[in-house]
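Okay, structure first, notes after.
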Amino acid sequence: MKIIRTARSMTAWSERLRREGVIIGFVPTMGALHDGHRSLIRAARLRCDALVVSIFVNPAQFSPTEDLTTYPRPIVRDRALCREEGVDVCFEPTARGMYPEGFQTTVTVPALARRWEGEARPQHFSGVATVVTKLFGIVHPHLALFGQKDYQQAALVRQLVNDLNLAVSIQVRPTIRERNGLAMSSRNAYLSPDERRIAPMLSQALRTGRQMIVGGVNDVAAIERTMRQTIEQTPAIHVEYLAVCDPNSLEPLSVVTDRAVLLGAVRIGSIRLIDNLLVKMPGRKSRASPQYS
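In terms of our numbering, the sequence shown opens at residue 115 and continues consecutively.
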C-alpha cells in the first residue's frame with residue numbers, strides 16, 4: 115500500500131491510472147477506522163480497479179467548542195486495516211496542505227445544511243462540503259462511497275455533486291451496527307461502559323418510530339412523541355432532536371404519505387450520537403428517493 119501526503123502526488127497517481135482506463139474508487143474518512151469504514155472499503159474494492167482511502171481530520175468542520183484536538187488518530191491501526199482490505203493508496207494530507215496560507219474558498223449547500231446537524235453545528239457542513247469538493251478534485255475518483263449513518267452529510271454530498279456537475283458517482287451504504295443496535299462511529303470510543311450500555315436507546319427509539327409507520331400510523335406528531343418517550347425513560351440521555359423528514363429535502367413532515375427518514379441526535383454526558391432509519395409507508399407507490407444499496 116502506498117502512502118501519499120501531498121495533493122500534487124495524489125492527483126498525479128490518479129491521472130496516470132485514469133489514462134490507463136483504471137476505475138478508481140474512493141472512501142473519504144477522518145480515520146479512527148471501524149467496521150463501518152471496513153464495509154465501505156470492501157464495497158468499493160468490489161466495484162473498482164484501484165482504491166484510495168483518505169485519512170484527514172478536517173479542522174474546518176469542527177467548531178471551537180468541539181473535539182478537534184482530542185479526536186482519535188490511531189494512524190498505525192488505520193493503515194493496518196487499509197492494508198488488510200487491499201487499499202492501494204492511503205492519502206494522508208496535512209491541514210496546511212489542504213488549507214494553505216491565503217485559502218479563502220468555501221462550498222455551502224444552504225437548504226440541506228440549515229436544519230438538524232446544521233443547526234446544532236453551524237459551520238460543520240460548510241467544512242464538509244469544502245473538504246469533499248477539494249478531495250474529489252485531488253483524488254479524481256470515478257466512484258466515492260459514504261455511510262448512511264451520516265444521512266444528512268450523504269444527502270449534502272449528493273446535492274453538491276449534482277449542482278457542481280462533478281464527474282464522480284456517489285454510493286451510500288447501509289449503517290453498520292454493533293450487536294446491541296448502536297450505530298458504529300469513531301466517537302463510540304469515548305463512551306464509558308455505563309454510557310455504552312444505554313447508548314442503543316437512540317436506535318431503539320428510531321425502530322419504534324419505524325414500527326409505528328409500518329403499522330399504518332402516519333401522524334408525525336404522535337410518532338415523534340413516542341420516540342421521545344422511549345428515550346426519556348433513560349434520564350441520562352438528553353435528546354437534541356428526533357424528527358420525521360422527507361428523505362430528499364430533509365424538511366420535517368406533518369404526515370407520512372410515502373417514504374420518510376427518521377433522524378435523531380442525543381447527548382450522553384459529553385458524547386453526541388446521531389442515527390437514522392429510512393422507512394416506507396406500507397401500500398403506497400413511492401416517488402423517487404435516495405438509494406442506499
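We put the CB at the ideal spot given by N, CA and C, even for glycine.
CB contact flag (residue i, residue j, <7 angstroms)
| i | j | result |
| --- | --- | --- |
| L165 | L259 | no |
| R342 | L356 | yes |
| S128 | V245 | no |
| L387 | L316 | yes |
| C196 | V171 | no |
| Q237 | S177 | yes |
| I385 | L296 | no |
| F239 | A227 | yes |
| A194 | V223 | no |
| I312 | D149 | no |
Contact set for residue i: own chain, Cβ-Cβ below 6 angstroms, skip 5 residues either direction
| i | result |
| --- | --- |
| S407 | Its pLDDT being 42, under 50, S407 is placed unreliably in this model, and the value from its coordinates should be taken loosely. Answer for S407: no residue qualifies. |
| N276 | none |
| P142 | S168, L249 |
Other residues of its chain near residue i: CB distance less than 7 angstroms, five sequence neighbours each side excluded
| i | result |
| --- | --- |
| L376 | L320, G323, R324, V358, N390, L391, V393 |
| V370 | I327, N332, V334, V358, M395 |
| G397 | none |
| L367 | V334, V358, C359, D360, A374 |
Bounding residues of the alpha helix (DSSP H) (the contiguous stretch that carries residue i)
| i | result |
| --- | --- |
| D149 | 149-161 |
| S283 | That residue, S283, is in no alpha helix (DSSP H); its beta strand (DSSP E) goes 283-287. |
| T125 | 121-133 |
| V223 | Where V223 is concerned, there is no enclosing alpha helix (DSSP H), given that its DSSP letter is neither H nor E. |
| R210 | 209-212 |
| V334 | 334-346 |
| E233 | 231-234 |
Same chain, Cβ closer than 8 angstroms to residue i, five either side skipped, listed in chain order
| i | result |
| --- | --- |
| A303 | A146, P186 |
| E346 | V353 |
| V136 | D163, A164 |
| L338 | A small fix is needed here, since residue 338 is Glu in this sequence, not Leu. Result list for E338: G323, L356, A357, V358, in chain order. |
Range of the contiguous beta strand (DSSP E) that encloses residue i
| i | result |
| --- | --- |
| T143 | 138-143 |
| D202 | D202 -> no beta strand (DSSP E), and no H or E assigned at all. |
| L165 | 164-169 |
| V380 | 373-382 |
| A357 | 351-359 |
7 angstroms Cβ cutoff, residue i in contact with chain D
| i | result |
| --- | --- |
| I382 | Within the model displayed, chain D is absent; a lone protein chain is all it includes. |
Flag this pair as touching only if the stretch 227-234 and the stretch 197-214 have three or more C-beta atom pairs under 8 angstroms; answer yes or no.
No, they do not touch.
Which runs of the beta strand (DSSP E) fall wholly inside the stretch 251-332 and span at least 3 residues, in chain order?
Correct list: 257-261, 283-287.
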